[in-house]
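The structure appears right after this line, and notes come after that.
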Amino acid sequence: MGRSFKNLTVLVTVLVLTMVGTAYSGSFNDEFDLTWGEHRGQIFGGGKMLSLSLDRVSGSGFKSKKEYLFGRIDMQLKLVAGNSAGTVTAYYLSSEGPTHDEIDFEFLGNETGKPYVLHTNVFAQGKGNREQQFYLWFDPTKNFHTYSLVWRPQHIIFMVDNVPIRVFNNAEQLGVPFPKKQPMRIYSSLWNADDWATRGGLVKTDWSRAPFTAYYRGFNAAACTVSSGSSYCDPKFKSSFTNGESQVANELNAYGRRRLRWVQKYFMIYDYCSDLKRFPQGFPPECRRSRV
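With mature numbering (1 follows the signal peptide of the UniProt record, and there is no 0) as the guide, the letters of the sequence shown map in order to residues -25 to -1, 1 to 267.
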């Protein structure tokens, strides 16, 4: 923290992933249900746009109608602008129950002019505590940016505007659970977390700025879906999970691996795999395979 990134620029080019599957870009009306917050969640623009809002009374949220078991999920978000301290915009995949799996993007708001913190985490069989946090190399409140989760049996890749920021590898051979058996829905919510979100809860939500609003568009999924106990996945897409082709080295081209190292060098502000105070007896076993 405290490093300045104002003079850094990035030329973002499209990374070509080897994932082949059934892709669709659906209407929010068709693909999602607004689940809480009453009028604070809205779908508009003929189903092409969605917004969530937070005020002193309540936040809001939505979830996907479909369940997914592996794939790539893309969503464009424009985050709460101005003084967003205390607010959290969460966008994640999750199953249900006490031994649930979960893959998280959480955007922790900040005071005007200070950067958002992008918080990532992976839960497997109910256990998380695998946090990495980043600053972004742009202002996520000015324009829409694409946040992607690539979920395969071999690994999970977190991406921002097609730039990989984190890879979580399957380390089951080391005794580490990995999310690969429980179908997950897409969820998002905007809520108040001023007891911890901004500087550990030191900065509280300024309710005079409410309502706080985040916007969504450009949902796209190339994925296997699960419904009523049965699954559908394009044969070519499914074979890429089982024939040994999908290793991280093939998932990302050379440019993508360089971008991953660049993000982790200059924009990562917390990595549980480097937290000696938290793990004085030694880091978790998956940390041996946490990088490309």
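We put the beta carbon where it would ideally sit given N, CA and C, even for glycine. Bear in mind that the values here come from a model prediction, so they are computed numbers and not experimental data.
Rounded C-alpha distance that separates residue i from residue j
i, j, result
"isoleucine 140", "tyrosine 122", "10 Å"
"arginine 184", "arginine 192", "24 Å"
"threonine 10", "leucine 29", "14 Å"
"methionine 243", "serine 35", "29 Å"
"arginine 174", "serine 206", "43 Å"
"arginine 15", "valine 63", "15 Å"
"residue 272", "glycine 176", "It is not possible to answer for residue 272, since the shown part of the chain is limited to -25 through 267."
"alanine 146", "phenylalanine 109", "23 Å"
"phenylalanine 194", "glutamine 256", "43 Å"
"asparagine 58", "asparagine 167", "13 Å"
"tryptophan 178", "alanine 172", "It should be noted that the sequence gives valine, not tryptophan, for residue 178. Distance between the alpha carbons of valine 178 and alanine 172 is about 8 Å."
"leucine 149", "cysteine 262", "11 Å"
"asparagine 137", "phenylalanine 80", "15 Å"
"asparagine 228", "arginine 31", "46 Å"
"tyrosine 66", "glycine 72", "19 Å"
Beta-carbon proximity of residue i to residue j, cut-off 8 Å
i, j, result
"tyrosine 190", "methionine 24", "yes"
"glutamine 56", "glutamate 86", "In the sequence as presented, glutamine is not what sits at residue 56; that position holds alanine. No, the Cβ-Cβ distance between alanine 56 and glutamate 86 is not below 8 Å."
"proline 115", "phenylalanine 153", "no"
"arginine 105", "tyrosine 245", "no"
"leucine 165", "phenylalanine 133", "no"
"tyrosine 91", "glycine 84", "yes"
"phenylalanine 45", "alanine 198", "yes"
Simplified DSSP state of residue i, which is helix, strand or coil
i, result
"proline 260", "helix"
"tryptophan 171", "coil"
"histidine 75", "coil"
"asparagine 137", "coil"
"aspartate 49", "strand"
"phenylalanine 3", "helix"
"lysine 40", "coil"
"glycine 16", "strand"
"serine 33", "coil"
"tyrosine 91", "coil"
"valine 142", "strand"
"leucine 235", "helix"
Other residues of its chain near residue i: CB distance less than 7 Å, five sequence neighbours each side excluded
i, result
"asparagine 118", "Lys53"
"cysteine 70", "Checking the sequence, you will find serine at residue 70 rather than cysteine. Only Asp76, Gln157, Pro158, Met159 meet the Cβ criterion."
Close beta carbons around residue i, own chain, < 8 Å, minus the five adjacent residues each side
i, result
"phenylalanine 19", "Leu25, Ser26"
"serine 33", "Trp11, Gly12, Glu13, Arg15"
Same chain only: Cβ atoms within 6 Å of residue i, ignoring 5 sequence neighbours per side
i, result
"aspartate 169", "Gly61, Lys179, Thr180"
C-beta neighbour in chain C for residue i, strict 8 Å
i, result
"arginine 263", "Reference to chain C is not applicable here, since this structure consists of a single protein chain."
Three-pair Cβ contact test at 8 Å for the region 157 to 164 versus the region 35 to 45: yes
Inter-stretch contact at 8 Å, needing at least 3 Cβ pairs: the region 58 to 76 / the region 97 to 111: yes
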